[in-house]
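Scroll down for the structure; my scribbles are underneath it.
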């Protein structure tokens, strides 16, 4: 399952991590996702992944 927020669409981003000498190494930035239950109007519940930020 992809790491994507249900409400905002925030997903995994790629970028660089920098050492003290400023050498670049690839890394991924992952969103802080939390699984929440949302109650719909018809009374049923759905689990969705939401970003905590």
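Residue numbers (the numbering used here): 417 to 469. Ideal Cβ placement from N, Cα and C applies to all residues, glycine included. Quick caveat: nothing in here was measured; it's all calculated off a predicted structure.
Nearest to residue i (by Cα), restricted to the options the options
i           : options               : result
residue 453 : 466, 427 and 428      : 466
residue 463 : 451, 469, 429 and 446 : 451
residue 420 : 469, 459, 449 and 458 : 449
residue 446 : 461, 429 and 435      : 429
residue 443 : 432, 437 and 436      : 432
Limits of the unbroken beta strand (DSSP E) element including residue i
i           : result
residue 440 : 440-445
residue 464 : 461-467
Integer Cβ distance of residue i from residue j, believed to fall under 8 Å
i           : j           : result
residue 461 : residue 469 : Not a contact, Cβ separation roughly 24 Å.
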